[in-house]
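Protein chains in written order, with my numbering: chain A, 26 to 236; chain B, 26 to 236.
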């Protein structure tokens, strides 16, 4: 169980997909699962699945299948997803609002505990039990609740300013949805999700395919 | 202007970010822009910007800056984003609903012309002028409107079945938000966006940083 470092990011992402799938099977009452079950539903080549798991050590016995509970717990522990992680959504626009309610986060123990905006019409409202707070109070909230993760859904031209405030308050990881590249100090983790870039790049590929 | 092939996907994605930024500057009335202006707001190293543009050919004159209109139009043309592209959202849940209204798509000429769901409470409603149709009629709609792009926001366990229907009807590109790997015939373009995987992978990196 020692091969933990230098795991490719694509392996990490697929492993999270495995965990989410296993969680859903567990809900259905499944106790033991074969790698064939996992790979056939997720459309992952079996060799890919075995290779991904091998980064984390040895699991299950050949021909017996995996104990679903143990596999979920072990994978979560190895990825640091075994304890609940608190996160906030910054910017309660359409995307921010959808993210507050996104069910996939809870499957990996990420709990959204608050949303923030500067629009007085939104402040004080709540989305499925999650309150929208005044962005002016975000620093206090982050410190008080020891939040380490922020989902940044503010407009492009305020993304860097808001990111600076988040980091000052103690945020260590940002999932950025604004189409700008953020300058961040060392030690801060960032992932960028830009839906327009994703769709634009498939349109470009489509154009190349047609020609 | 001939170096069009084998452009790295990251260059494509950044170029789309440039286009979106330029569109916003154009709205503000900006006619001429320097590469310094572009790179400083987007936090892109100037060398990166020049390298990205070099994949597409020669632009602007040193010291004079770029004509905003011409730069936008040329980049869009090179990426196949100069004509309006019609897209549909499949699955009008929270994420699907947010995507229907996502302003970044229009900046790159992607127009969402309809949303589809199988929930009778949603069918017949509309989101900001975009109608939600019965998924039973999706094939007819795709053919009639010559839609080539679908944003797939249905639950994991129906994603593959729905994808098959989309492709049968003529869809060539899918932006998949379901946390499954879709099996697709050759010539179909796919990009996967899984928010939980993105956030899970930064939590893993955060854990590694702390230890």
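Every residue, glycine too, gets a C-beta built ideally from N, C-alpha and C.
Note that this is a predicted model, so its numbers are computed, not measured.
Residue 156 (chain B) to residue 33 (chain A) span [Cα, whole Å]: 42 Å
Using a Cβ-Cβ cutoff of less than 6 Å, which residues in the same chain neighbour residue 217 (chain A) once the five nearest sequence positions on both sides are dropped? 201
Distance, residue 171 (chain A) Cα to residue 149 (chain A) Cα: Residue 149 (chain A) and residue 171 (chain A): Cα-Cα distance of roughly 22 Å.
Spell out the partners DSSP gives residue 147 (chain A) in its beta bridges. Answer by DSSP bridge pairing: none, since residue 147 (chain A) is not bridged.
Can you name, in chain order, every residue of its own chain whose Cβ lies under 6 Å from the Cβ of residue 106 (chain B), other than the five neighbours on each side? 133 and 134, listed in sequence order.
Under the three-state reduction of DSSP, which class applies to residue 80 (chain A): helix, strand or coil? The DSSP-derived three-state label of residue 80 (chain A) is coil.
Under 9 Å by beta carbon: chain A residues contacting residue 174 (chain B): Here the neighbours are 224, 227, 228 and 231.
Every unbroken beta strand (DSSP E) within the stretch 39–69 of chain A, with a cutoff of 3 residues, ordered by chain: Those beta strand (DSSP E) runs which fall completely within the stretch 39–69 of chain A and span 3+ residues do not exist here.
Chain A partners of residue 130 (chain B), CB-CB under 8 Å? 220, 221 and 224
For residue 119 (chain A), which option in A:76, A:66, A:142 and A:108 has the closest C-alpha, if you only look at C-alpha atoms? A:142
Determine the contact status of residue 164 (chain A) and residue 140 (chain A), defining contact as a CB-CB distance below 7 Å. no
Classify residue 222 (chain B) as buried or exposed, calling it buried when 16 or more other Cβ atoms lie within 10 Å of its own Cβ. Result: buried.
Min CB distance residue 27 (chain B) to chain A below 7 Å: With a pLDDT of 41 at residue 27 (chain B), under the threshold of 50, the predicted position of this residue should be treated as unreliable, though the coordinate-derived value follows. Not closer than 7 Å to any Cβ of chain A, the Cβ of residue 27 (chain B) fails to qualify, so no.
Option in B:108, B:232 and B:38 with minimal Cα separation from residue 213 (chain A): Closest option to residue 213 (chain A), Cα to Cα, is B:232.
Are any of the Cβ atoms in chain B nearer than 7 Å to that of residue 36 (chain A)? no
Nearest-angstrom Cα distance between residue 52 (chain B) and residue 154 (chain A)? 38 Å
Going along the chain, which residues of its own chain have a beta-carbon closer than 7 Å to the beta-carbon of residue 130 (chain B), five neighbours each way excluded? Excluding its 5 nearest sequence neighbours in each direction, residue 130 (chain B) has C-beta neighbours in its own chain below 7 Å: 137, listed in chain order.
Would the beta-carbon of residue 127 (chain B) be found less than 6 Å away from any heavy atom of the ligand MG? For the ligand MG, the structure offers nothing, since it holds no ligand at all.
By how many angstroms is the C-alpha of residue 168 (chain B) removed from the C-alpha of residue 73 (chain B)? 41 Å
So which residues of chain B does residue 205 (chain A) contact, with C-beta pairs closer than 7 Å? 67 and 68
Whole-angstrom distance between residue 113 (chain B) and residue 124 (chain A), CA atom to CA atom: Cα-Cα distance, rounded: 20 Å.
Please work out which residues of its chain come closer than 6 Å, Cβ to Cβ, to residue 205 (chain A), disregarding the five sequence neighbours upstream and downstream, and give them in chain order. Within the same chain, Cβ atoms closer than 6 Å to the Cβ of residue 205 (chain A) are found at 181 and 184, the five residues on either side in sequence being excluded.
Consider the Cβ of residue 164 (chain B): report whether some Cβ of chain A lies at a distance smaller than 7 Å. Chain A, which has no Cβ nearer than 7 Å to the Cβ of residue 164 (chain B), makes this no.
Checking contacts by CB at 7 Å: is residue 120 (chain B) closer than that to chain A? Cβ-Cβ to chain A under 7 Å: yes for residue 120 (chain B).
To test your reading of the DSSP string, which unbroken alpha helix (DSSP H) runs of 4 or more residues are found completely within the stretch 166–197 of chain B? 181–194
Give the straight-line distance between the Cα atoms of residue 39 (chain A) and residue 43 (chain B), rounded to the nearest whole angstrom. Taking the straight line from one Cα to the other gives about 30 Å.
Quick one: list the residues of chain B neighbouring residue 197 (chain A), beta-carbon separation under 7 Å, in chain order. Result: 231.
Residue 28 (chain B) burial status per 10 Å Cβ neighbour count (16 or more: buried): Model confidence at residue 28 (chain B) stands at a pLDDT of 43, short of 50, so the residue's coordinates are unreliable; what they give is reported in the following sentence. It is exposed - the Cβ of residue 28 (chain B) has fewer than 16 other Cβ atoms within 10 Å.
Please report how far the alpha carbon of residue 203 (chain B) lies from the alpha carbon of residue 219 (chain B), in whole angstroms. 7 Å
For residue 56 (chain A), collect the residues of the same chain with a Cβ closer than 8 Å to its Cβ; drop the 5 residues on either side in sequence, then sort them by chain order. Spatial neighbours of residue 56 (chain A) in its own chain (CB-CB distance under 8 Å, excluding positions within 5 residues in sequence) are listed in chain order as 92, 93 and 94.
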